[in-house]
Each structure stands twice: as structure tokens, then as C-alpha cells.
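End of the sequence shown sits at 592 in the working numbering; the numbers just go up one at a time, nothing left out.
A quick write-up on the structure given underneath.
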Amino acid sequence: MDCRRTFSVHPPEAESGAPEASSPQTSPLSVVSDPEISPQHVDVLLPFCCEEAPIAHLPTITTTTYLDTSQQDDTGLPSPTRGRSGKRLTNIFSSMFSCFRSRDRVVALVGKADTLPAAKRGWLQRFLRCFRRTSRKGFTVRALPSTGLLPDLELKKGWLNHPDRPRDEVQEVVYYPAASHAPGDTVECTYTSIPQAEHTHAVVLSRPAWLWGAEMGANEHGVCVGNEAVWTREPVSPEDALLGMDLVRLALERADSAWAAVTVITDLLEQHGQGGACREDPEHFSYHNTFLLADRQEAWVLETAGKLWAAQKITEGVKNISNQLTIGTEISAEHPELRSVAQSQGWWSGEGEFSFTAAFTPDNPPARMELAKQRYKGGTALLQEQDGSVTAEVMMNILRDKPSGICMDSEGFRTTGSMVSILPRDASMPCVHFFTATPDPSRSVFKPFIFSEGISPVTLVMSPQYGPDDPVRTQPRFQLKVDRKHELYKAHQAALAGMEENLDAGGSLQETMRFLESQCLEEIEAMLRGEVEGQELGDLFFDCVDTEIKFYQ
40 MDCRRTFSVH PPEAESGAPE ASSPQTSPLS VVSDPEISPQ HVDVLLPFCC EEAPIAHLPT
100 ITTTTYLDTS QQDDTGLPSP TRGRSGKRLT NIFSSMFSCF RSRDRVVALV GKADTLPAAK
160 RGWLQRFLRC FRRTSRKGFT VRALPSTGLL PDLELKKGWL NHPDRPRDEV QEVVYYPAAS
220 HAPGDTVECT YTSIPQAEHT HAVVLSRPAW LWGAEMGANE HGVCVGNEAV WTREPVSPED
280 ALLGMDLVRL ALERADSAWA AVTVITDLLE QHGQGGACRE DPEHFSYHNT FLLADRQEAW
340 VLETAGKLWA AQKITEGVKN ISNQLTIGTE ISAEHPELRS VAQSQGWWSG EGEFSFTAAF
400 TPDNPPARME LAKQRYKGGT ALLQEQDGSV TAEVMMNILR DKPSGICMDS EGFRTTGSMV
460 SILPRDASMP CVHFFTATPD PSRSVFKPFI FSEGISPVTL VMSPQYGPDD PVRTQPRFQL
520 KVDRKHELYK AHQAALAGME ENLDAGGSLQ ETMRFLESQC LEEIEAMLRG EVEGQELGDL
580 FFDCVDTEIK FYQ
């Protein structure tokens, strides 16, 4: 039976007390059995009554459970939220879902008005609002206002990306704080060392666990960068150089705007070139790169062919990249020798308008580029369908679209991680970056990350380290396979296997995952409204990852 049809909301009865609870069960929620509790002592009573037959995968519905706010910790939050500093709503959701998984039915939420400090009542009120919505809509993502995250907050800039990588590759999410470096310092990238910058910005990166760089990421200044593979008429160098993924990280660490990121990448290309194996495999696989770069004010597309490049500033509408050259005659900046090289090679006559795509697209492009044409067109169409009303939910749904090929799941390649960023033009509002840290966004949860004080690396989404014995550092490279799965990846893969074995239970779990995601969005709304204190944001991503793992367990 569909879980969405089993709950209905009834107003509290004015005369009757809360029903008695059965004996305490093994659950993180407190079970209230005090018969003295009545509507006179209750702040809110919100019953969820089961009026239909038991759900197939929850055959035993016997327990009446209450959330008793009289058992508080020093934050004023209910006792189930104990565990970390900066406890928040996500912890309460974890307790609620644990109750579902232990085959208990949550019949009512009870909060005693005289025991909950006034300053903390907003937590319970938000919690109850979420469940009122859920009782009407089921476990689905809440549709956000078309103008942005909040009715009174206009969304001016959105950015999304996800890589299609070898299907067994693990994508991790890592955070590096800002740092200062001494003159003469070097930085060791995946295959080569280059001079280090005097200062590097704080960054959050989603990357294949075996390399130094990143497929996509953001920095503390609201700059986002992602890359895609592309092949051109310029030959791909087999020599070790900077990977496109190294360039993503270097741009984020060194640039405070999208245009500055363009110049960082193009300068590094000129000095060090691009090349080297782009996957963890003894069989060589390499390519050139295109980049999508954005900040609060503007966006750029940068497309490269060896050391040559062309860049286009995006002034309106939407733009996507997908293993294609897309910059035609609308070139905003270019390598000084771009046209002369194209003319000398016979790729451009020297007359008429110069098109980067026409000049540098290979005569016989790899099959991967041909297949990507459908995905590129599909992505453009899906974005244009929104008519400018692009929200976080819309972007997440686009990344989950399988008919277009955007969400890839083939025998050799699949989407290994996804990222969506909200970049408000108003500098007083924080940028919000959502990461899955797991493959296949259609079966993953987007979790929010916000740069703030007190951020610590989240080891649950960081892969094991192998030091000098790592196959990427030994010669010849990639002769051995090592386990790079992080804790969230392992829990997610085990859950997917269970979902495939039991489709009914799997469907319910997926609904629950979507519900978790909607609550993350709810948390972001609360933060933007000022209901969450700034010092709590450092643990926001950890809380969501930790809660997701608990669901899977």
C-alpha cells in the first residue's frame, strides 16, 4: 500500500486527553505514557491517524509514540536531538524516520508549552509545519516558489553540474580551508607540481577520489566551476600535465570571481598545458576540457583545445555544456593565437566570422561526443521550458532526467555525483551548494553546504587514503585496484541493492529520501529567514549526511 495514503490529519479534540502509549519501544523517541497530559497542557497536538490497512513493508503497527519536549537538553530541544553541538531540525527528522523504520506509527506530536523556552518554540513549530505539509503531499519534494527559494527572495543565479564517469568510480566531497603560503612553495597536483599561490581560498569540492583536483566545486566567494570532457582537432597530449580537474580546483582556490577563474585557467594552460590519464585505469584515456564558471553576478563558458581557448560571457537566458564545443561566433575572449592557428591549419579561411565550434570540432568526433548531442539538446530544452523560473528543485529534477541522457546509467559510465548551487545576487545572503556525494541523482539525496565559521571536513564522504602506495603515485600507474568507498557511498549502495530486491520497500525508501531532501530545503529557508544561528551552519552538511546514513541502516 502506498505510504502516502495512510495518513490523514485530524484537529485535536477539545475534551479528550492524548491516548495512552504502549510500553516503551526501542526507538530514539521518548514514549509518553503520562495520562495527565491533556490539551490544556499541550502546545500542539497533531495526530497522524492510520485509517487503512497496514502497509506491506510495515506489517506491525502497534505503538503510539509521542515527542516529549519536556525532556530537553541544554539547547532547549527535545532529548532525541542530543549528540552534536548545534543540534537542529535534521536530528529530529532522523528520530522520526527511525520510528518509521522500527515499525512504530507516530500518532501525535506533543509539546508542553510550559516546558519549552519561548526562544526554542520555533523549532517545534517548524517541525510541525513540515509534517502538516507531508500529510497532504506525501513524501515528496515541496515545490518551491517560482521566484526562488522564498516568496520574498528572488533567485537570480543558479548553477548545476554532474559528471559522467566510469561507473565504479567513487566521488567524494572534501573541504579545504583558506590558507596562506610562503614564497617559493609548490603544490603537487595529480601528476605535476606547479608554483603555489600566495593565498588560497576555502573550497568545497566533489571529485573522483583518486585525484587531486575536482570535477566541480565552489569557493567561499561564491564562485562555482565544473568541467566536461571534449575532443578537438588539436591532439590530446599523452604527457603528464595538468588535468582539467586540476584546473577546476586551482581556479576555485585562486579566483574570487568567475572571470578571474577564467584567467587563472587560461594562464595555467599557457604555462603548464593539459594532459595525462583522466581515469583510474592502465588503459590511457585523456581529453581536453570545457568549463562552466559562475558567480553571483555573471557566468562564463570556457572551451579549450590544448593551450588554445575561447570564452563566452553568458548575459541572459540559460546555458549548458555536455561534451560538445558550443561557442560559435559569440566569443567574448580568446587566446591571442587562436585564429592564426586555425587559419594556418586550414580550419578557417580567414574570411567572414570566426566560429570556434566550426573551426575546432574534429571531422570524425568520438562516439561519446556524438551521443552527447542528445543530452546537450535535452538539457537546453529542459532549462528553457522553465521560462526563467529556475529553482533548486527544478535544477535537481533536471539532473535526474534519464530520457534526455542527463542522468546517465550505462554499462561503462554513469553519473557519479551531482551538485546544484544557488548564488543570490544579494551579497548579504549566503550561497548554498547542494551535493549528493553518491551516484545516480535519481536515487540520491542533495545535501546543502554553506561556507561559514567552524566548518570541519566530513569524513563520512571522504575516501580512504593510501599515501605513497596509492596506485596513482606508483609506477607504472593503476596496476592495482584499491577500495575508495566512503561511508555514505557504502550505505547508499547497500540501500540500492535492497531497493532492487524489494521494489515496494525500495519505493517507500526513495520517497523517504526525497522527504529528507525537502527538509534540507526547509532548513535552508529557515536559515535565510534568520531562524538558524550562523554558528550552526558549519555542521549542516554533516548533519544531513549523518541522517541519510542512519536511514539506510
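We put the beta carbon where it would ideally sit given N, CA and C, even for glycine.
Relative to the Cα of W298, the nearest Cα in the group I445, A350, L579 and I461 belongs to A350. Across the structure, P487 and E208 are spaced so that their CA atoms are roughly 23 Å apart. The alpha-carbon separation between Y505 and P247 amounts to approximately 14 Å. Within the same chain, Cβ atoms closer than 7 Å to the Cβ of L548 are found at A534 and M538, the five residues on either side in sequence being excluded. Put simply, of G545, L499 and A536 the residue whose alpha carbon is nearest the alpha carbon of K524 is L499. Shortest Cα-Cα distance from M447 to any of Y415, A466 and G315 involves Y415.
When W270, T231 and L308 are compared, the shortest CA-CA separation from E409 is found for W270. Y214 sits in a strand when the DSSP states are folded into three classes. C583 sits in a helix when the DSSP states are folded into three classes. When secondary structure is reduced to three states using DSSP, S371 falls in the coil class, being assigned neither helix nor strand. Rounded to whole angstroms, the Cβ separation of V584 and L527 is 6 Å, and the two are in contact under 8 Å.
A residue is called buried once 16 or more other Cβ atoms fall within 10 Å of its Cβ, and H238, having fewer, is exposed.
Looking at the backbone, the Cα of A316 and that of E322 are separated by about 8 Å. Contact between K346 and L308 holds: their C-beta atoms lie close to 5 Å from each other, under 8 Å. Taken atom to atom, the span from the alpha-carbon of M255 to that of N266 is near 7 Å.
Looking at A397, G314 and P375, the one whose alpha-carbon comes closest to that of G385 is A397. Take K358, set aside five residues on each side of it, and the residues of its chain with a beta-carbon closer than 7 Å to its own are A338 and V340, in chain order. Counting along the chain, I461 sits inside the beta strand (DSSP E) bounded by residues M458 to I461. Per the DSSP secondary-structure output, D448 pairs in a beta bridge with R453. E556 carries a helical assignment under DSSP once its states are collapsed to helix, strand and coil. A217 sits exposed, since fewer than 16 C-beta atoms from the chains shown fall within 10 Å of its C-beta. Under the 8 Å Cβ criterion, the stretch 473–485 counts as touching the stretch 419–436, having at least three qualifying pairs. Within the same chain, Cβ atoms closer than 7 Å to the Cβ of F580 are found at K486, P487, F488 and V497, the five residues on either side in sequence being excluded. Nearest in C-alpha terms to L289, of all of T231, P515 and S495, is T231. Look at N266 here: in three-state DSSP terms it is strand.
Around the beta carbon of L250, 16 or more other beta carbons sit within 10 angstroms, so the residue counts as buried. By the 16-neighbour rule on beta-carbons within 10 angstroms, G391 is exposed. Secondary structure note for N436: its alpha helix (DSSP H) is the uninterrupted segment A431 to L438. Uninterrupted alpha helix (DSSP H) stretches at least 4 residues long and entirely within the stretch 305–386 occur at 377–383, given in chain order.
Within the DSSP bridge table, the entry for T239 names A218 as partners. Nearest Cα to T551 within the set Q518, S394, T454 and Y591: Y591. DSSP lists L244 and V264 as the bridge partner or partners of G256. Rounded to the nearest whole angstrom, the C-alpha separation of E227 and P277 is 19 Å.
Straight through space, the alpha carbons of S457 and R204 are spaced by roughly 12 Å.
When beta bridges are read from the DSSP output, K486 appears opposite F474.
Sorting P442, S245, I233 and D224 by C-alpha distance to the C-alpha of V213 places S245 at the top.
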